[in-house]
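Undergrad: I'd like to ask you about the structure that follows.
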Amino acid sequence: MKKTLKQSAVAVLAVISTIGLAACGNDSTATDTTVATEDSLPATPSITVSGQWARTSPMATDMGAAYMTINSNMDDELLSAKVDMSIAMMTQIHETVMGDDGAMKMQEVEKIDIKAGIPTELKPGGYHVMLMQLEAPLETGSIISVTLTFAKAGDVVVEIPVQEEAP
Amino acid sequence: MKILKTFRIGLTALLCIAATACGDTSSDGLRGYQAPSEKSSANISVTDATTGQQFELKASDGELMVVYFGYTHCPDICPTTLVAVKNAKKKIGALASRVDLAMITVDPERDTADVLPKYLSSFTDKFHALIPANQQELQNAEKAFDATSSVTEVDGQIEVTHSGNCYVVDSTGLVVDEWPFGMDAESMAYDLKILLQQREA
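Quick mapping for you: the protein sequence lines, in order, are chains A and B.
Residues in the first sequence are numbered consecutively from 1, following the numbering used here.
Residues in the second sequence are numbered consecutively from 1, following the numbering used here.
Shown next, in the form of structure tokens:
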């Protein structure tokens, strides 16, 4: 009976969590709302992406950047990001860092470590998905589709709105 | 004991004087800062892409100019900063007409006269697109602000480094405020209002 109650509580929490996620308006494509049970917790990777946005590209440039917050229920690694070639010819994961001389530079990273239960932010001045050789400017109000590939969770497609600033 | 107390008071007073002398902006209530040693871009000029003439790095009378070193292929730091400047100007209403923007490209090979003015027009209609004619011109400008940059080719890709600060310059070329990367539009607007009110048009 005790175990049944516990299982019921987990089930109720799972439903509440799912409703909560839906109510928060998280991107449905990007969000895996599967809530793992106690038994399956280590086995089923689940990625949630929120706050995603891509910057409106200024005139006369063919570079763009996309940002987001990634949550995972287990330790994972973001290995790559891809967009359709109709959007950009090349996509890389970059990090902006400050050198000893105070100058800032961007560098490509092989992967981003995602820690279980700890939000990983891709934000201005830090990690970002870099869109190179844009086929057309990223215009405010449009939406681009980015496929993120994780070591454990596999491919996760994120619909990213283009806007001038972070939401 | 009394001697020690007097020494402490004296030391505190000296520190206060030193802070003032060093240009600590806390007395002005600015959210940006001033470097310990005074910076000035008076008599420093860079080629203006729009006019083809040398442009001296100072604001018009009664105005301020935000000077920034960047490049148009930068998808992260530069647009983040320039959007913040754009929004700061929106926040200060009519005062914005007294705020100029000068961007000096650190990547003059790619940021040509066809590119840089168009890029800047995405952020403001009051700007100077400055393209150093040679490395010396760039270095002279950077030296005035203690800024730095480099452009190198690594594995076929061009890597650019540059200082992320904005420098607010008055009509004498004096740097009156400095904004580190990440300063938000509200803080920029806050400083601009104070500084513009100190300089009646």
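All C-beta atoms, glycine included, are put in the ideal place defined by N, C-alpha and C.
Can you tell me where the beta strand (DSSP E) with residue 127(A) in it begins and where it stops?
TA: Working through the first sequence from its first residue, we reach residue 127(A) at position 127. Taken as a continuous stretch (DSSP letters only), the beta strand (DSSP E) holding residue 127(A) covers 127-134.
Undergrad: Contact defined as beta carbons within less than 8 Å: I believe residue 57(B) pairs with residue 192(B). What is the distance between those atoms, to the nearest angstrom?
TA: Counting from 1 along the second sequence, the entry for residue 57(B) is found at position 57. Counting from 1 along the second sequence, the entry for residue 192(B) is found at position 192. Going by Cβ atoms, the distance from residue 57(B) to residue 192(B) rounds to 18 Å, so no, they are not a contact pair.
Undergrad: Count the other CB atoms within 10 Å of the CB of residue 136(A); is the residue buried (16 or more) or exposed (fewer)?
TA: The residue given as residue 136(A) occupies position 136 in the first sequence. Label assigned to residue 136(A): exposed.
Undergrad: Given residue 164(A), which residues of its chain have a CB within under 8 Å of its CB, disregarding the five upstream and five downstream residues?
TA: Counted from its first residue, the first sequence places residue 164(A) at position 164. Once the five neighbours on either side are set aside, the close Cβ partners of residue 164(A) are 55, 56 and 140.
Undergrad: Under 8 Å between C-beta atoms, does residue 135(A) make it to chain B?
TA: Residue numbering aside, residue 135(A) sits at position 135 when the first sequence is read from its first letter. Cβ-Cβ to chain B under 8 Å: no for residue 135(A).
Undergrad: Please list the residues of the region 161-187 of chain B that have a C-beta atom closer than 9 Å to any C-beta atom in chain A, keeping them in chain order.
TA: Cβ contacts with chain A come from 161, 162, 163, 164, 165, 181, 182 and 185.
Undergrad: What does DSSP give as the partner residues of residue 113(A) in its beta bridges?
TA: Indexing the first sequence from 1 puts residue 113(A) at position 113. Answer is 77(A), bridged to residue 113(A).
Undergrad: Anything in chain A within Cβ reach of residue 108(B), meaning under 7 Å, just list it in chain order.
TA: Taking the first residue of the second sequence as 1, we reach residue 108(B) at position 108. None at all; the shortest Cβ gap to chain A is about 15 Å.
Undergrad: At which residues does the alpha helix (DSSP H) containing residue 186(B) begin and terminate?
TA: Locating residue 186(B) in the second sequence gives position 186, counting from the first residue. Segment 185-197, the alpha helix (DSSP H) holding residue 186(B).
Undergrad: Run through chain A and tell me which residues come within less than 8 Å of residue 148(B), C-beta to C-beta.
TA: Here residue 148(B) refers to the residue found at position 148 when the second sequence is read from its first residue. Per Cβ cutoff of 8 Å: 101, 102 and 103.
Undergrad: Please return the same chain residues whose Cβ sits closer than 6 Å to the Cβ of residue 26(A), not counting the five positions on each side in sequence.
TA: Taking the first sequence and counting its residues from 1, one reaches residue 26(A) at position 26. Because the pLDDT at residue 26(A) is just 39, under 50, the model does not fix this residue reliably, and the value given afterwards should be weighed accordingly. Cβ neighbours of residue 26(A) beyond the five flanking positions: 50.
Undergrad: Tell me the residue span of the beta strand (DSSP E) that contains residue 161(A).
TA: Position 161 of the first sequence, counted from the start, is the residue given in the question as residue 161(A). Element bounds for residue 161(A): 154-163.
Undergrad: Quick one, are the C-beta atoms of residue 58(A) and residue 122(B) less than 8 Å apart?
TA: The sequence position of residue 58(A) within the first sequence is 58, counting from 1. The sequence position of residue 122(B) within the second sequence is 122, counting from 1. Against a cut-off of 8 Å, the Cβ pair of residue 122(B) and residue 58(A) comes out as a contact.
Undergrad: Quick one: measure Cβ to Cβ for residue 160(B) and residue 105(A), integer angstroms, because I've assumed they're closer than 8 Å.
TA: To locate residue 160(B), count along the second sequence from 1; it is residue 160. To locate residue 105(A), count along the first sequence from 1; it is residue 105. Residue 160(B) to residue 105(A), Cβ: 7 Å. Contact.
Undergrad: Hey, residue 185(B) and residue 91(B) are a contact pair by Cβ (cut 8 Å); roughly how many whole angstroms apart?
TA: Position 185 of the second sequence, counting from 1, holds the residue named residue 185(B). Position 91 of the second sequence, counting from 1, holds the residue named residue 91(B). Rounded, the Cβ-Cβ distance is 6 Å, consistent with contact.
Undergrad: Taking the beta strand (DSSP E) that residue 129(B) belongs to, which residues open and close that run?
TA: Counting from one through the second sequence, the residue named residue 129(B) turns up at place 129. Element bounds for residue 129(B): 127-130.
Undergrad: For the region 55-106 of chain A, which segments carrying the beta strand (DSSP E) assignment without a break, of at least 3 residues, lie completely within its bounds, in sequence order?
TA: Counting whole runs of 3 or more residues, the region 55-106 of chain A contains the beta strand (DSSP E) stretches 63-72, 76-82 and 88-98.
Undergrad: For the beta strand (DSSP E) containing residue 166(B), list its first residue and its last residue.
TA: Working through the second sequence from its first residue, we reach residue 166(B) at position 166. Where residue 166(B) is concerned, the enclosing beta strand (DSSP E) stretches over 166-169.
Undergrad: If residue 88(A) sits next to residue 131(A), beta carbons under 8 Å apart, how far is it from one beta carbon to the other, in whole angstroms?
TA: Here residue 88(A) refers to the residue found at position 88 when the first sequence is read from its first residue. Here residue 131(A) refers to the residue found at position 131 when the first sequence is read from its first residue. Confirmed, Cβ separation roughly 4 Å.
Undergrad: When you compare the CB positions of residue 85(B) and residue 66(B), do they come within less than 8 Å of one another, or not?
TA: Taking the second sequence and counting its residues from 1, one reaches residue 85(B) at position 85. Taking the second sequence and counting its residues from 1, one reaches residue 66(B) at position 66. Taking 8 Å as the Cβ cut-off, residue 85(B) and residue 66(B) qualify as a contacting pair.
Undergrad: Verify the CB distance criterion: does residue 118(B) have a CB-CB separation below 8 Å to chain A?
TA: Numbered from its first residue, the second sequence carries residue 118(B) at position 118. Yes, because at least one Cβ of chain A sits closer than 8 Å to the Cβ of residue 118(B).
Undergrad: What residue range is occupied by the uninterrupted beta strand (DSSP E) comprising residue 157(B)?
TA: The sequence position of residue 157(B) within the second sequence is 157, counting from 1. 157-163 is the span of the beta strand (DSSP E), which, as asked, contains residue 157(B).
Undergrad: Using a Cβ-based criterion (distance less than 7 Å to any ligand heavy atom), does residue 93(A) qualify as near the ligand ATP?
TA: The model on display carries no ligand, and the ligand ATP is accordingly not part of it.
Undergrad: Taking the continuous alpha helix (DSSP H) assigned at residue 56(B), which residues delimit it?
TA: Indexing the second sequence from 1 puts residue 56(B) at position 56. Note, residue 56(B): premise wrong, no alpha helix (DSSP H); beta strand (DSSP E) at 54-56.
Undergrad: Rounded to whole angstroms, how far is the Cβ of residue 128(A) from the Cβ of residue 65(A), which I believe are closer than 8 Å?
TA: If you number the first sequence from 1, residue 128(A) lands on position 128. If you number the first sequence from 1, residue 65(A) lands on position 65. The Cβ separation is near 5 Å, so the contact holds.
Undergrad: Go ahead and label residue 49(B) buried or exposed: buried means 16 or more other beta carbons lie within 10 angstroms of its beta carbon, across all protein chains shown.
TA: Locating residue 49(B) in the second sequence gives position 49, counting from the first residue. So residue 49(B) ends up on the buried side.
Undergrad: Excluding sequence positions up to five away, which residues of its chain have a Cβ less than 7 Å from the Cβ of residue 62(A)?
TA: Residue mapping note: residue 62(A) aligns to position 62 of the first sequence, counting from 1. Only 133 and 134 meet the Cβ criterion.
Undergrad: Exposed or buried, what is residue 143(A) when buried is set at 16 or more other beta-carbons lying within 10 Å of its beta-carbon?
TA: Position 143 of the first sequence, counting from 1, holds the residue named residue 143(A). Per the 10 Å Cβ criterion, exposed.
Undergrad: Skipping 5 residues on each side, what residues in its chain have a beta carbon closer than 8 Å to that of residue 81(A)?
TA: Working through the first sequence from its first residue, we reach residue 81(A) at position 81. 66, 91, 92, 93, 129, 146, 147, 148 and 149, listed in sequence order.
Undergrad: Against chain B, with Cβ distances strictly below 8 Å, would residue 124(A) count as a contact?
TA: Mapped onto the first sequence, residue 124(A) falls at position 124. For residue 124(A), the answer is yes, since a Cβ of chain B falls inside 8 Å of its Cβ.
Undergrad: Would you list, in chain order, the members of the region 71-82 of chain B that have their beta-carbon closer than 8 Å to a beta-carbon of chain A?
TA: Under the 8 Å Cβ criterion, the region 71-82 of chain B contributes 72, 73, 74, 75, 76, 77, 79, 80 and 82.
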